[in-house]
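Notes follow once the structure below has been shown.
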Amino acid sequence: MTSHVDDSHGWCCDGRTYQEHASEDGKCCQTHGTKIEDLPEEGRQKAQERLNQTA
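Just so we're aligned, residue 436 is where the sequence shown starts under this note's numbering, counting upward by one.
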């Protein structure tokens with residue numbers, strides 16, 4: 436079973452959530468609260484794949 440993806444803080448350009456990226460690396464390439472539709476194409480695809488896996 437896959438865990439829920441918490442995107443309440445937004446997304447990073449590599450397909451991870453803002454919180455995941457900030458927790459692991461201490462920073463994120465996008466601003467806090469970036470919506471999935473505002474990501475570059477590659478990041479948007481990766482994020483959408485992650486969401487589809489948890490659905």
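Yeah, the Cβ is synthetic: ideal placement off N, Cα and C, and Gly gets one too.
I need the DSSP call for residue 469, collapsed to helix, strand or coil. coil
Can you name, in chain order, every residue of its own chain whose Cβ lies under 6 angstroms from the Cβ of residue 436, other than the five neighbours on each side? In this prediction, residue 436 has a pLDDT of 42, which is less than 50 and means its spatial position is unreliable; what the coordinates show is noted afterwards. Result list for residue 436: empty, nothing under 6 angstroms.
Out of 485, 487, 479 and 488, which has the shortest C-alpha to C-alpha gap to residue 448? Selected option, being the one with the closest Cα: 479.
Please classify residue 455: is it buried, with 16 or more other beta-carbons within 10 angstroms of its beta-carbon, or exposed? Residue 455 comes out buried.
Buried or exposed: which applies to residue 452, given that a residue is buried once 16 or more other Cβ atoms fall within 10 Å of its Cβ? buried
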